[in-house]
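Here the structure comes first, spelled out in C-alpha cells, and everything after it is commentary.
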Amino acid sequence: MARAAIDWAAIRALFPATQRQAYLDTASFGPGPTPVVEAVSSHLEEWSCGTGSWRVWDEVGEVVRARLAALLETESSHIALMPALSAAAGQVAETLPFEPGANIVVGQGEFQSNYYPWVNQQRRGFEIRNVPFVEGRLLVDEFARRVDERTALVAASHVQSVSGFRLDLEGLVDLCRRHDARLFIDATQSLGALRVPTEGIDYIAGAAYKWLLSPRGSAFLYVRPERAAELAPLMPNWKTHDVPYRDYYGPPFEPPPDARRFDLSLAWPVWIGLAAGLELILKLGTKTIEERDLGLAQRFRSGLHGVGLQPAFSEAETSQIVGLRVRDPRGVQESLARNHVVAAVRGEFVRFAFHFFNDESDVERALGALRV
C-alpha cells in the first residue's frame, strides 16, 4: 500500500517559529514544536500541583533510549543517556585506555565540545594531532597523513557546525579500520535530519536540542557493543545499575555490561520534551526527512547563482546546512534579519539550516534577502 502524502503545511503549522519569519537556524537550536511544548507544559503542571510521579517521569528515559536506537537502527542497550555532547565525549576521552606513545587525531576546527575533551588528554600522555580544515572542509586525506599504528582514536563531526560540510564517513571508517583506531563521531548536526550509520563506528554522540527538537539539556552516546566494557563509568551514580530502581543506598555496585553503564541523571522536563520531539521525527521517518531537508538545501544552493553567489562545496560534500562564504558575514546576517530571515554567522560563513518544517517560501525569502 502506498504511503499517504504528507501534509507539510500541517506539519509546518506545528512550529510557531515559522509564522512570521524564515527560520533557517536549526543548526543553532531547533524551535519547539507544539507537541513538545505541550508535553513539557503538562509535566510542569503536574510538578507544580504535586500530582505527578517521579518514577513515571524518569522512565521516559527508556522511551527516549528506544526511539534514539530506532533512529540509529541499533539496539537500545547500545545507547547511553547524557546531558550534553561534552559529557559524552568526556566519558570516552577520560576513560580511553592509554598506552605509551599513543595519539589522538582530531579536527582542529571542531566545535569545542568535540575538541577540548580530546586535547585535555595530553595530561594523560596522549599526543594530540590536529587535522587542519581546508576552506571549511575536513578531508579524509588530511586524517590519513596523521593516523598511524599508534592512533588510539580519531574524532570528527559527521556534519560540520561551522560550514555544513559533510564528512566522507565511509572513507574515515575505512581509514580507522586499516589502522585499528577507534572512531568517535559527533552527530549533533546530522541525527534527526540525515541517516547516521553505525557500521564501523565505535562511538557516536550528539546533543538533541537542534535537529531532534529537544529543549536544551539532553544528549546521547552510542557505544559499539564490544567497546563498552573497556571504558569505566566516569561518573557512577544511582543510574549506574543493571537493575534500575532496585535500591538507592549503598552497595552493591553492579554497572550494566553495555552503554547503559554511562547513563547520567535526567532533567525530567527536557527528556519529556525530547520524547515528544522524537515521536514526531519517527512518525515522518528518517528517509522522508532527509529527502525533505536535502531537497530544500539543494533548492537554495541552486538559487544562489541567480543572486551572484556560489555554494561553498560540491554536491557530494553538502548537507542540510548551507555555509555561504561572503565578504561581510555580519552585514549579510543583518540584512537577512531585516527581511525576517533567521540565519547564523560562524567564522567566515553565513549559515543556513533547513529542516522539514521549512518550505519553498523560506528558500525564496532567503534568496530574495540576499538579492537586496
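What the sequence shown shows, in the numbering used here, is residues 4 to 375, in sequence order. Using N, Cα and C, we set each Cβ at its ideal position, and we do this for glycine too. Keep in mind the model is a prediction, meaning the values are calculated, not measured.
Counting along the chain, no alpha helix (DSSP H) covers GLU130; the unbroken beta strand (DSSP E) around it starts and ends at 130 to 134. With a cutoff of 8 Å on beta-carbon distance, VAL66 and TYR206 are scored as not near each other.
For TYR119, the enclosing alpha helix (DSSP H) stretches over residues 119 to 122. Out of GLY93, ARG354, GLU49 and PRO272, the CA that lies nearest to the CA of PHE223 is found in GLY93. Runs of the alpha helix (DSSP H) lying entirely within the stretch 222 to 275, each at least 4 residues long, are 228 to 231 in chain order. By the C-beta criterion, the stretch 79 to 91 is judged not to be in contact with the stretch 159 to 175, since fewer than 3 inter-stretch pairs fall below 8 Å.
Taken atom to atom, the span from the alpha-carbon of SER317 to that of ASP250 is near 55 Å.
Under the three-state reduction of DSSP, GLY334 is assigned to helix. The beta carbons of ALA300 and GLN323 sit closer together than 8 Å. When the beta-carbon positions are compared, PHE352 and VAL165 come within less than 8 Å of each other. Per DSSP, THR154 is one residue of the beta strand (DSSP E) stretching across 154 to 160. Taking all protein chains in view, the Cβ of PHE168 is crowded by 16 or more other Cβ atoms within 10 Å, so the residue is classified as buried. In the three-state reduction of the DSSP assignment, VAL199 falls in the coil class. Of the residues LEU194, VAL109, ARG180 and ASP177, the one whose Cα lies closest to the Cα of ARG149 is VAL109.
Ranked by how close their Cα comes to the Cα of VAL344, the residues ARG140, ALA25 and ALA12 have ALA25 in first place.
Assigned with DSSP and collapsed to three states, LEU84 falls in strand.
Membership of LEU186 in the beta strand (DSSP E) is indicated by the continuous run 185 to 189. Taking a cut-off of 8 Å on C-beta distances, the stretch 273 to 285 touches the stretch 210 to 225, as three or more cross pairs fall below it.
Pairing GLU41 with TRP60, the inter-Cα distance amounts to about 15 Å. Contact check for LEU237 against THR98 passes: the beta carbons are separated by less than 8 Å. The secondary-structure analysis by DSSP pairs ASP28 across a beta bridge with ALA356.
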